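Some notes on the structure that comes next.
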Amino acid sequence: MTTGNGAGTEGGGAVAPPHEAYRTQPPAYAGNPGNQPGYAGHPAAYPPTAPPTGIERALTAAVAGGDGGAVVEVLARTRLYVLVARLHADIPGWTAPLPTIRDEASRRTCVPVLTPGMLPPWHPEWVFREVSLGELARTWPYDVRRLAVNHGTPYAAMVDARPKHLKAWLRADEHSGGPEHRVLLTDGGGPLYGPLAHGLALGAHLAVTNGLIWNRLGAAYEDYATDRARLRSPWGIPHRAEYRDRLASLMKNQLVGRVQEAVLRTRHTLAARLGRTPTREEWAEAVARTFAARDADDRALADRSLHYIALYENRLRADGALAPDGRVDTLAAFDLGRAVNVVRLALGARYGDPHEAEQDVLRLGELARGAYPSWADFSLGYLMARIVHRAEDDGPEAAEPTYQQSLAEHRILTQDPTSPYRNIPWS
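Counting in my numbering, the sequence shown runs from 1 upward without gaps.
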């Protein structure tokens, strides 16, 4: 396989983690740009024995139906990935040419791409770039006439890429709206049960928001460049040292808001003393006593936080998401859930290795189990933090779309029969 310029790089071996899903070498269907060192002589991993996600199932069905247009429609709604040497991906302002391979069956030169469920295990020196069908059409090599999707696997599609077909790709890309968001996407070959799956499921809210696989520690979260960009903004993480510091802060719940947590902790302590949930007035009086010695800004923020928490708890009760006598006692879920996604972003950015990421996710699972009694309580804590912070920053009207989106994602995760929250025991 070539990158178009024949350049090469030395690749190191991946750190071998304990989880059996990780292997040091990518499978053959990922391609090997330039037949680089670090790949030759290693046995290829077998492709999954069943379609890993609904994306591969939809693609397989479209291919079986013999409708080329249906195949293109599936691809237009899907993130597609090309393999890139990390050395090339790190060159500022330069994008590596699309790779090519030779299909021995047809003796044709093809551009290979992978669908999300088919990304191979993590490798320190090989990364992936996400491309849309429209981008492929706009940057297509003039002398290549085939797109090889998941080449050499049971979930493959060979797509005609002559000029008239490239125009159809552009139309399909424009009409599709791109990859789906706000969907639950599960990798059937990833962790589905046990502590690692439990820890990964803490990050499912953001995975659903972005339409990404929730149960994977692998080659990419979104793609290499995007993972690094998301760490820089909004997280302010430009390198590994900052990543470890920020993750430690998230594990200690230091970013969710100390005032909001103090307001909830005050109610929780009062409820334990009274043997019941305090009234709004009792809670407000206790908060006033707790913050009496604080500065005026903290007292004002505490009053607003109490107001918003009470407001949105009532909304959640009216919408059937919170029991009539239920309450949210901590917003720790927001930091813990985001921490899982930061771990996955950092793994995709090559700021850590899979073994370290796995240990961090396991630790986050332990912290979550210590803070919440159930998946539903964890999810409510996550969405409450998200809504309250939005209302605090931009006002209740601006927070309304956030409330509706968060409630919809909460329902997906707590009601969808395929959700990890319905299938993985909390404790």
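Each residue gets a CB set at the ideal place from its N, CA and C atoms; glycine is no exception.
Keep in mind that this is a model prediction, so the values were computed, not measured.
How far does the alpha helix (DSSP H) with residue i in it reach, from first residue to last?
i           : result
residue 55  : 54-64
residue 259 : 258-274
residue 330 : Careful: residue 330 lies outside any alpha helix (DSSP H) and carries neither H nor E.
residue 305 : 296-318
residue 76  : 68-76
residue 173 : 163-176
residue 351 : That residue, residue 351, is in no alpha helix (DSSP H); it is neither H nor E in DSSP.
residue 221 : Residue 221 -> no alpha helix (DSSP H), and no H or E assigned at all.
From what residue to what residue does the beta strand (DSSP E) around residue i run?
i           : result
residue 160 : 157-160
residue 147 : 146-149
residue 130 : 126-131
residue 373 : First-last for residue 373: undefined, no H or E at that position.
residue 101 : 101-103
Is it right to say residue i is buried, meaning 16 or more other beta carbons lie within 10 angstroms of its own, or is it exposed?
i           : result
residue 13  : Here the model assigns residue 13 a pLDDT of 32, short of 50, so the residue's position is not dependable, and the following value carries that caveat. Looking at its Cβ environment, which holds fewer than 16 other Cβ atoms inside 10 Å, residue 13 is exposed.
residue 293 : exposed
residue 272 : exposed
residue 241 : exposed
residue 319 : exposed
residue 358 : buried
residue 106 : exposed
residue 379 : buried
residue 193 : exposed
residue 327 : buried
residue 415 : exposed
residue 142 : exposed
residue 305 : buried
residue 150 : buried
residue 239 : exposed
residue 284 : buried
residue 419 : buried
residue 394 : exposed
residue 175 : exposed
residue 375 : buried
residue 297 : exposed
residue 274 : exposed
residue 289 : exposed
residue 253 : buried
residue 43  : Summary for residue 43: the model assigns pLDDT 31, below 50, so the residue's position carries little reliability; its value from the coordinates is reported in the next sentence. Residue 43 is exposed by the Cβ-count criterion.
residue 397 : exposed
residue 346 : buried
With DSSP as the reference, label residue i as helix, strand or coil.
i           : result
residue 209 : helix
residue 81  : strand
residue 115 : coil
residue 247 : helix
residue 35  : Because residue 35 carries a pLDDT of 40, less than 50, the predicted location of this residue cannot be relied on, and the following value inherits that uncertainty. Three-state result, residue 35: helix.
residue 290 : helix
residue 88  : helix
residue 322 : coil
residue 184 : coil
residue 192 : coil
residue 43  : Note that residue 43 scores 31 on pLDDT, short of 50, meaning its location in the model is unreliable; the coordinates nonetheless yield the value given after this. Three-state result, residue 43: coil.
residue 123 : strand
residue 216 : coil
residue 108 : strand
residue 93  : coil
residue 198 : helix
residue 337 : helix
residue 283 : helix
residue 424 : coil
residue 137 : helix
residue 227 : helix
residue 345 : helix
residue 432 : The chain is shown only over 1 to 427; residue 432 falls outside these bounds and no answer can be derived.
residue 50  : coil
Start-end ranges of the alpha helix (DSSP H) lying completely within the region 353-422, minimum 4 residues
As far as the region 353-422 is concerned, its whole alpha helix (DSSP H) runs of at least 4 residues are 354-371, 375-394, 396-415.
Could you tell me whether the region 155-173 touches the region 55-74, using the rule of 3 or more Cβ pairs below 8 Å?
Cβ pair count under 8 Å is three or more, so yes.
Count Cβ pairs between the region 116-131 and the region 77-92 that sit closer than 8 Å; are there 3 or more?
The region 116-131 makes contact with the region 77-92: 3 or more CB pairs, one atom from each, lie closer than 8 Å.
Could you check whether the region 328-347 touches the region 183-202, counting it as contact only if at least three pairs of C-beta atoms, one from each stretch, sit closer than 8 Å?
Yes, the region 328-347 is in contact with the region 183-202.
If contact is defined by three or more beta carbon pairs under 8 Å, each pair taking one atom from either stretch, is the region 133-153 in contact with the region 109-117?
With the cut-off at 8 Å, the region 109-117 and the region 133-153 touch.
Is the region 209-219 close to the region 174-189, with three or more CB pairs under 8 Å?
Below 8 Å, enough C-beta pairs join the region 209-219 and the region 174-189 to call them touching: three or more.
Tell me, please, whether the region 384-399 touches the region 254-261 by the rule of three or more beta-carbon pairs shorter than 8 Å.
With a cut-off of 8 Å, the region 254-261 and the region 384-399 count as touching, because enough Cβ pairs lie within range.
If contact is defined by three or more beta carbon pairs under 8 Å, each pair taking one atom from either stretch, is the region 215-233 in contact with the region 337-355?
With the cut-off at 8 Å, the region 337-355 and the region 215-233 touch.
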